[in-house]
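Student: Letter 35 of the sequence shown, counting from 1, is numbered 35 in the working numbering, and no numbers are missing.
All C-beta atoms in this analysis are idealised placements derived from N, C-alpha and C, irrespective of residue type, glycine included.
One structure follows; several queries about it will come next.
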Amino acid sequence: MEDYTGRTPLVAARNRQAALTTTAATPLLTWTPEISGLYLVGVAGTVQTAATDLTVTVSYTDPTTGQAATLTLANGTSQPVGPVSLVGIIPALGGQPVTISATAGTANQVTLSPVATALP
Numbered sequence: 001m002e003d004y005t006g007r008t009p010l011v012a013a014r015n016r017q018a019a020l021t022t023t024a025a026t027p028l029l030t031w032t033p034e035i036s037g038l039y040l041v042g043v044a045g046t047v048q049t050a051a052t053d054l055t056v057t058v059s060y061t062d063p064t065t066g067q068a069a070t071l072t073l074a075n076g077t078s079q080p081v082g083p084v085s086l087v088g089i090i091p092a093l094g095g096q097p098v099t100i101s102a103t104a105g106t107a108n109q110v111t112l113s114p115v116a117t118a119l120p
């Protein structure tokens, strides 16, 4: 079994649904990893009644460079009605915040749940 000493295997704020009620960027989850490492990040949810464009980004600090970085999971991609699932892996610097944000092309059409998990 992997030793997760010093890091949380699952981010405590996971499984919280957020409706995208505007067309502005909406922060879904912000947390600060205790130590540097690889993290699986993503969103799962539903496009409700009409297709809409969706942008999902993860902002973090790269432990190799110490510089701010952004992973784009979807970049204005048209999403049909139904389930949405987007995931990626980031190398996050411990002690620096990580934020998962989403923007919908149409307000009140998308509900998303963010998740972040430490990888061994």
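With H, G and I counted as helix, E and B as strand and the rest as coil, what does DSSP make of Tyr-112?
Tutor: For clarity, residue 112 is Leu in the given sequence; the question names Tyr instead. If DSSP states are grouped into helix, strand and coil, Leu-112 belongs with the strands.
Student: From Arg-16 to Thr-49, what does the alpha carbon distance come to, in whole angstroms?
Tutor: 21 angstroms
Student: Would you mind sorting Thr-61 into buried or exposed? The rule is 16 or more other CB atoms within 10 Å of its CB.
Tutor: By the 10 Å Cβ count, Thr-61 comes out buried.
Student: Three or more C-beta pairs under 8 angstroms: does that hold for the segment 66 to 83 against the segment 19 to 35?
Tutor: With fewer than three CB-CB distances shorter than 8 angstroms, the segment 66 to 83 does not count as touching the segment 19 to 35.
Student: Taking Ala-69 as the reference, give the member of Pro-97, Thr-55, Ala-18, Val-110 with the closest Cα.
Tutor: Pro-97
Student: Are the beta-carbon atoms of Gly-45 and Thr-111 separated by less than 9 angstroms?
Tutor: yes
Student: For the beta strand (DSSP E) holding Pro-27, just list the boundary residues, first then last.
Tutor: 26 to 31
Student: May I have the straight-line CA-CA distance separating Leu-54 from Pro-120, to the nearest angstrom?
Tutor: 30 angstroms
Student: Is Val-47 near Ser-101, with beta carbons less than 9 angstroms apart?
Tutor: no
Student: Just to confirm the assignment: which complete beta strand (DSSP E) runs, minimum length 3, are found wholly within the segment 29 to 93?
Tutor: 37 to 47, 52 to 61, 68 to 79, 82 to 92
Student: Return the chain-ordered list of same chain residues with a C-beta closer than 7 angstroms to the C-beta of Ser-95, the five sequence neighbours on each side being excluded.
Tutor: Rather than Ser, the amino acid found at residue 95 in this sequence is Gly. Thr-32, listed in sequence order.
Student: Pick out whichever of Thr-22, Thr-30, Leu-38 has its Cα sitting closest to the Cα of Pro-91.
Tutor: Leu-38
Student: Do you know how far the Cα of Pro-63 is from the Cα of Asn-108?
Tutor: 36 angstroms
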